[in-house]
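J.: If you scroll down you'll find the structure; I have some questions about it.
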Amino acid sequence: MSVDADTVRRIGRLARIRIEENDVEALKGELNTILGFVEQLNEVDIDGVEPMTSVTPMQLRRREDKVTAGGHPERIVSNAPESEDNFFVVPKVVE
Amino acid sequence: MTLVDTRTPNPAYFIGGATGDWEVIIGMEVHAQVISESKLFSGASTQFGNPPNANVSFVDAAMPGMLPVINEECVRQAVRTGLGLKAKINKHSVFDRKNYFYPDQPPGYQISQYLDPIVGEGKVLLDMGEDGEVEIGIERLHLETDAGKLIHDQDPNSSFVDLNRAGVALMEIVSKPDLRSSEEAKAYLSKLRTILRYLGTCDGNMEQGSMRADINVSVRKPGGEFGTRCEIKNVNSVRFAGQAIEFEARRQIDILEDGGVIDQETRLYDPKTGETRSMRSKEDAQDYRYFPEPDLLPLEFDDAFIEHLAKDLPELPDEKRHRLMETFGLTHYDASILVMDRANADFFEEVAEGRDGKLCANWVINELFGRLNKEGHDVASSPVSAKQLGEIVDLISSDAISGKIAKDLFEIVWTEGGDPAKIVEDRGMKQVTDTGAIEAVVDEIIANNPDQVEKVKNKPGLLGWFVGQVMKQTQGKANPQAVNQILKDKLGLD
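Chains as they are written, first to last, in this note's numbering: chain A, -8 to 86; chain B, 150 to 643.
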């Protein structure tokens, strides 16, 4: 598996990372090196092996259905570049 | 998902076009907000209508370093719903990140379930009247987080973001493409809503957005290959669902008959125009780049967990309908009306306990529900209680009052309240069943109306006039059957 220049641009767009045109070739090389490295894993025979989701045997921790957070809207928006009446204010997004 | 056609084409549903008949194929993704106190992965409240960003924890706002912890009640609610849909419950399921950027979604991804949902295949039965019962397959149900709300009308250049809804648990319930008409689609949405309400897992309130549907629509020649589908997003009423499908099917047929092709795309239904329009162009087709949520382990539980929930499941509408028909001798139609809402069925059962089921159904459905609808009440706020209505029915059954007087009595109980039996006693509404008293009145009318007596011999229809006279003299209290019989005897009819 390898990526071409268009795929690099597309991945950047999807992740909202600006990629300058003269960086595309270098990034393509780096991504392909990473993919090539990871591809070595395909050599391992994993027939009948369950996917490992945790290094130690652990269960998903669950929470009781109780209200334990919230109630401080001013703190939620305190770092926002712009807010009004405890709303976040963002550039218009409606089409 | 491999598409399997489980249905036999029904010509009654075909849509006529210039080149012959077309069949519409519909599948639905319903988003149902889970009833819970707090959110799916945070301890913030789910309460509707709170001030902006009051129901927001640092997890919901995606502050750095915050981790999601699953709400066990949301898991139980999803399993209950799966059981209600007669579905396979998956004891092992996995959460994934669905990546997209939009201001209503602070983390840049929705936590959802992709390849391994908590609930697998199930079914919903639709009652289509004369067309009988139709089985609609459920493909899956998975848990996911809701997004926040954007408000666009506060400022010409900005949108306002309220994250109160962000992180609230949703169940996405995906049907198989088994629906074949707007009528079936509407019936499916209604039935699903009824089931969710019975289970207490979603309030089904479409106006408030706690239940909304994405509808996939395609058309084909009857029995042919499935066509290309379009998805109509976020339909928030049963009626709009029907209208949107009708419009969309016609739009696709027109394109195909003009030699065009259908573009697979997302569309939006506008209730004002009754039309659907394209939402996104194909160029920026969504690529969600799903991957397993690294902050959460797989969700696992055992059979005992499922059995415990199954044991406490309420009786569901289909079972309730069967029981009402068997126990109370109700018609399929009456029983179906009663079970549409659990509170209505409960009310009926309280009235019908130890009484004539059919008579009670008639009074509950026609008199009480009719009146409640007219005045915009629901059964919970009914001015006539189940006990009072039961007593009215008792008075009819024991011939203490006639059906006609019973309606007057119902009116009195509705407006003034009180004990029905006592009202009948106090206001002298008791039916006259004493034949001697009725005979006396009949004799008097016959004596005073010799012309009519002559006419009725050739025009038996005039009997009604005599009945009317007797009723008038007795203020409607005479037993109608007794009056009829005595009149016929005395007038020599039959």
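The C-beta atom is built at its ideal place from N, Cα and C for all residues, glycine as well.
1) Would you say PHE454(B) faces chain A, with C-beta separation under 7 Å as the test?
2) Quick one: list the residues of chain A neighbouring ALA315(B), beta-carbon separation under 7 Å, in chain order.
3) By the criterion of Cβ-Cβ separation under 9 Å, what are the contact partners of ILE219(B) in chain A?
4) In chain order, which continuous runs of the alpha helix (DSSP H) of length 4 or greater are located wholly inside the region 547 to 620 of chain B?
5) Note down, one range per segment and in chain order, each alpha helix (DSSP H) of at least 4 residues found wholly within the region 180 to 233 of chain B.
6) Which residues in chain B have a C-beta closer than 8 Å to the C-beta of LEU18(A)? List them in chain order.
7) So that I know if they touch, is there some Cβ in chain A lying closer than 7 Å to that of VAL183(B)?
8) Can LEU473(B) and LEU479(B) be called in contact, C-beta distance under 7 Å?
9) For PHE79(A), list the residues DSSP reports as bridge partners.
10) At a Cβ cut of 7 Å, what residues of the region 189 to 213 of chain B count as close to chain D, listed as they run along the chain?
11) At the level of alpha carbons, what is the spacing between LEU538(B) and HIS481(B)?
12) Taking Cβ positions only, does SER69(A) come closer than 7 Å to chain B?
13) Can you find a CB in chain A that lies within less than 7 Å of the CB of SER308(B)?
14) What is the DSSP secondary structure of ARG438(B), reduced to helix, strand or coil?
15) Helix, strand or coil: which one does DSSP assign to GLU432(B)?
16) Determine whether the Cβ of LYS431(B) lies closer than 7 Å to any Cβ atom of chain A.
17) Taking only heavy atoms of the ligand PLP into account, decide whether any of them is closer than 6 Å to the Cβ of GLN392(B).
18) Does the CB of VAL85(A) have a neighbour CB from chain B at under 7 Å?
19) Take the Cβ of GLN182(B) as the centre, count every other Cβ of all protein chains shown within 10 Å, and call the residue buried at 16 or more, exposed below.
20) Do VAL387(B) and ILE364(B) count as a contact pair if the criterion is CB distance below 7 Å?
21) Can you list the residues of chain B that ASP76(A) reaches, using a CB-CB cut of under 7 Å?
22) At which residues does the alpha helix (DSSP H) containing GLY353(B) begin and terminate?
23) Establish whether the CB of THR47(A) and some CB of chain B are separated by less than 7 Å.
24) Using a Cβ-Cβ distance under 7 Å, would PRO64(A) count as near chain B?
25) When Cβ atoms are compared, which residues of the region 446 to 477 of chain B fall closer than 8 Å to chain A?
26) Roughly how many angstroms lie between the CA atoms of ILE285(B) and THR157(B), to the nearest whole one?
27) Find the nearest neighbour of VAL619(B) within the set LYS637(B), LYS604(B), GLU603(B), judged by alpha-carbon distance.
28) Cβ atoms of THR230(B) and THR422(B): under 7 Å apart, would you say?
29) When burial is assigned at 16 or more other CB atoms within 10 Å of the CB, is MET360(B) buried or exposed?
30) What is the DSSP secondary structure of ALA627(B), counted as helix, strand or coil?
31) Would ASP276(B) and GLY297(B) qualify as a contact pair, given that the criterion is a beta-carbon distance under 7 Å?
32) Which residues in chain B have a C-beta closer than 8 Å to the C-beta of LEU5(A)? List them in chain order.
33) So PRO160(B) contacts chain A; which residues on that side make the cut at Cβ distance below 7 Å?
34) Does the CB of SER261(B) have a neighbour CB from chain A at under 7 Å?
35) Report the rounded CA-to-CA distance for ASP436(B) versus GLY198(B), giving the unit in angstroms.
36) By how many angstroms is the C-alpha of ASN354(B) removed from the C-alpha of ARG491(B)?
T.: Concretely, from the data shown:
1) Your numbering for residue 454(B) matches position 305 in the second sequence. So, not an interface residue.
2) Against the second sequence, residue 315(B) aligns to sequence position 166. Here the premise fails: no neighbours, minimum Cβ distance about 11 Å.
3) Within the second sequence, numbered from 1, the residue matching residue 219(B) stands at position 70. Result: LEU51, ARG52, ARG53, ARG54.
4) 552 to 565, 569 to 575, 584 to 597, 599 to 605
5) 221 to 233
6) As a first step, residue 18(A) must be located in the first sequence, where it is residue number 27. The contacting residues do not exist; LEU18(A) stays about 17 Å from chain B at best.
7) Working through the second sequence from its first residue, we reach residue 183(B) at position 34. With 7 Å as the cut-off, VAL183(B) does not count as an interface residue toward chain A.
8) Against the second sequence, residue 473(B) aligns to sequence position 324. Against the second sequence, residue 479(B) aligns to sequence position 330. Yes, the pair counts as a contact, with Cβ atoms nearer than the cut-off.
9) Against the first sequence, residue 79(A) aligns to sequence position 88. Answer is SER74(A), VAL310(B), bridged to PHE79(A).
10) Going by chain labels, chain D is absent from the structure shown, which instead holds the protein chains A and B.
11) Here residue 538(B) refers to the residue found at position 389 when the second sequence is read from its first residue. Here residue 481(B) refers to the residue found at position 332 when the second sequence is read from its first residue. Approximately 22 Å between the Cα atoms of the pair.
12) Position 78 of the first sequence, counting from 1, holds the residue named residue 69(A). No, because no Cβ of chain B sits closer than 7 Å to the Cβ of SER69(A).
13) By one-based count along the second sequence, residue 308(B) stands at place 159. Closer than 7 Å: yes.
14) Taking the second sequence and counting its residues from 1, the one referred to as residue 438(B) is at position 289. Here ARG438(B) sits in coil by DSSP.
15) Indexing the second sequence from 1 puts residue 432(B) at position 283. Because the pLDDT of GLU432(B) is 49, which lies under 50, any placement of that residue in the model is unreliable, and the number read from its coordinates should be weighed accordingly. It is coil, neither helix nor strand.
16) Sequence index remark: in the second sequence, residue 431(B) carries index 282 (1-based). Its pLDDT being 48, under 50, LYS431(B) is placed unreliably in this model, and the value from its coordinates should be taken loosely. Cβ-Cβ to chain A under 7 Å: no for LYS431(B).
17) For the structure depicted, the ligand PLP is absent and the ligand set is empty, with no information on it obtainable.
18) Here the question's residue 85(A) lines up with position 94 in the first sequence. Judged by the 7 Å Cβ criterion, VAL85(A) is in contact with chain B.
19) Sequence index remark: in the second sequence, residue 182(B) carries index 33 (1-based). GLN182(B) should be labelled buried.
20) The count along the second sequence starts at 1 and reaches residue 364(B) at position 215. The count along the second sequence starts at 1 and reaches residue 387(B) at position 238. Cβ distance not < 7 Å, so ILE364(B) and VAL387(B) don't count as in contact.
21) Residue mapping note: residue 76(A) aligns to position 85 of the first sequence, counting from 1. Here the neighbours are PRO201.
22) Taking the second sequence and counting its residues from 1, one reaches residue 353(B) at position 204. That residue, GLY353(B), is in no alpha helix (DSSP H); it is neither H nor E in DSSP.
23) Along the first sequence, read from residue 1 onward, the residue named residue 47(A) stands at position 56. False, the Cβ-Cβ gap to chain B never drops below 7 Å.
24) For this step, residue 64(A) is matched to residue 73 along the first sequence. Cβ-Cβ to chain B under 7 Å: yes for PRO64(A).
25) LEU446, PRO447, LEU448, GLU449
26) Walking along the second sequence from the start, residue 285(B) turns up at place 136. Walking along the second sequence from the start, residue 157(B) turns up at place 8. Their Cα atoms are separated by approximately 13 Å.
27) Against the second sequence, residue 619(B) aligns to sequence position 470. The option with the nearest alpha carbon to VAL619(B) is LYS637(B).
28) Translated into positions along the second sequence, residue 422(B) becomes position 273. Translated into positions along the second sequence, residue 230(B) becomes position 81. Contact flag unset, no.
29) Here residue 360(B) refers to the residue found at position 211 when the second sequence is read from its first residue. Burial call: buried.
30) Against the second sequence, residue 627(B) aligns to sequence position 478. Strand.
31) Along the second sequence, read from residue 1 onward, the residue named residue 276(B) stands at position 127. Along the second sequence, read from residue 1 onward, the residue named residue 297(B) stands at position 148. Against a cut-off of 7 Å, the Cβ pair of GLY297(B) and ASP276(B) comes out as no contact.
32) Translated into the one-based positions of the first sequence, residue 5(A) becomes position 14. Within 8 Å Cβ-Cβ: ASN248, ASP436, ARG438.
33) For the purposes of this step, residue 160(B) is taken as the residue at position 11 of the second sequence. The premise fails here: PRO160(B) is roughly 41 Å from chain A at the closest Cβ pair, so nothing lies under 7 Å.
34) As a first step, residue 261(B) is located in the second sequence; it is residue number 112 there, counting from the start. No, SER261(B) does not count as interfacial toward chain A.
35) Translated into the one-based positions of the second sequence, residue 436(B) becomes position 287. Translated into the one-based positions of the second sequence, residue 198(B) becomes position 49. Computed Cα separation, rounded: 33 Å.
36) Counting from one through the second sequence, the residue named residue 491(B) turns up at place 342. Counting from one through the second sequence, the residue named residue 354(B) turns up at place 205. Cα to Cα, the separation comes out at about 15 Å.
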